[in-house]
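Worksheet for the structure shown next.
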Amino acid sequence: MAKLPRPQAPARFRAMFPDLADWLESPWTGPPPFLTGQVFRLEETIQDDHYVIRAELPGVDPDKDIEVFVDGRILTIRAERRQQDTGPHRSEFRYGSLARVVRLPARVDPADIAARYDKGVLEVTVPVGEVKVAGTRIPIENADAMPGQQPDQAG
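First residue of the sequence shown: 0, per numbering that gives the first Met the number 0; consecutive thereafter.
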């Protein structure tokens with residue numbers, strides 16, 4: 000019994016969607032690369048008086064491969080995961096530059112921010128005080144509650 004050749008995507012389709020075509024024609028399983036993107040997962044929570052951001056960054060060297068920046072209310076975490084294997088192999092790991100941006104609940108002093116890396120998880124702790132609502136509240140008069148004033152009559 001003869002083996003049928005595996006169908007190939009048309010050249011025009013391959014030119015427009017090379018990642019999709021490669022994934023469809025690949026014998027490997029796993030999520031398609033165009034859906035996973037170059038990102039990492041985050042958790043955000045409030046613990047005591049601190050805003051805590053935890054990022055999954057396994058396999059990176061925190062001294063060389065991770066940078067944490069703050070500019071006003073914007074916190075940026077950048078990481079780079081380098082590929083060490085050479086030659087033909089199959090990998091679902093993501094390599095290259097990775098970045099996430101988080102908007103902080105309030106403007107903070109960068110000197111007050113702490114970052115710690117432990118067992119593949121980066122934890123950034125940002126102190127936050129009581130968040131005050133910006134602006135001024137305007138009181139509303141209730142015409143029904145004011146004695147001696149007649150409501151406007153239409154007519």
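Note that beta-carbon positions come from the ideal geometry of N, C-alpha and C, so glycine has one too.
- Of the residues assessed, ALA105 falls on the exposed side of the cut-off, its CB having fewer than 16 other CB atoms within 10 angstroms.
- With respect to the C-alpha of ASP48, the residue from ILE112, GLU79, GLU140 and GLY86 having the closest C-alpha is ILE112.
- The DSSP-derived three-state label of ALA105 is coil.
- Here the alpha carbons of THR135 and ALA142 stand approximately 22 Å from one another.
- DSSP places PRO61 inside the alpha helix (DSSP H), whose first and last residues are 61 to 64.
- Distance between PRO109 and VAL120, taken at the CA atoms: about 21 Å.
- Sorting GLY86, PRO126 and GLU122 by C-alpha distance to the C-alpha of PRO57 places GLU122 at the top.
- Check the Cα spacing between LEU74 and each of ALA114, LYS63, ALA10 and ARG11: the tightest is with ALA114.
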